[in-house]
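Written out below as structure tokens is the structure these notes cover.
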Amino acid sequence: MDANPMMEPTRELSIVGGTGDFRMTRGIATFTTDLIQGNQYFRLQMDIKLYECY
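For the sequence shown, the tail end lands on 54 under the UniProt record's numbering, and the numbers increase by one without skipping.
Here it is, written out as structure tokens:
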């Protein structure tokens, strides 16, 4: 994975590699994070798109 700018509300991370059926996989993970400190609420939504999965 590449750099993870935590303060951005939506960010993309590259995915390279894996194990088992996902060996040699490339793709992109899109993270959307909501954080409300008053109620200690944290939500992480992750969408993963894989390219060239062998």
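By construction, the Cβ of each residue, glycine as well, lies at the ideal position given by its N, Cα and C atoms.
Computed from a predicted model, the values in this text were never measured in an experiment.
DSSP three-state assignment for residue i, whether helix, strand or coil
{"i": "residue 20", "result": "helix"}
{"i": "residue 48", "result": "strand"}
{"i": "residue 12", "result": "strand"}
{"i": "residue 25", "result": "coil"}
Beta-carbon contacts of residue i that lie in its chain and below 6 Å, excluding the five residues immediately before and after
{"i": "residue 32", "result": "10 and 45"}
{"i": "residue 16", "result": "26"}
{"i": "residue 47", "result": "30"}
Beta carbon of residue i nearer than 8 Å to that of residue j
{"i": "residue 25", "j": "residue 50", "result": "yes"}
Cβ-Cβ separation, residue j to residue i (assumed contact under 8 Å), whole Å
{"i": "residue 12", "j": "residue 30", "result": "5 Å"}
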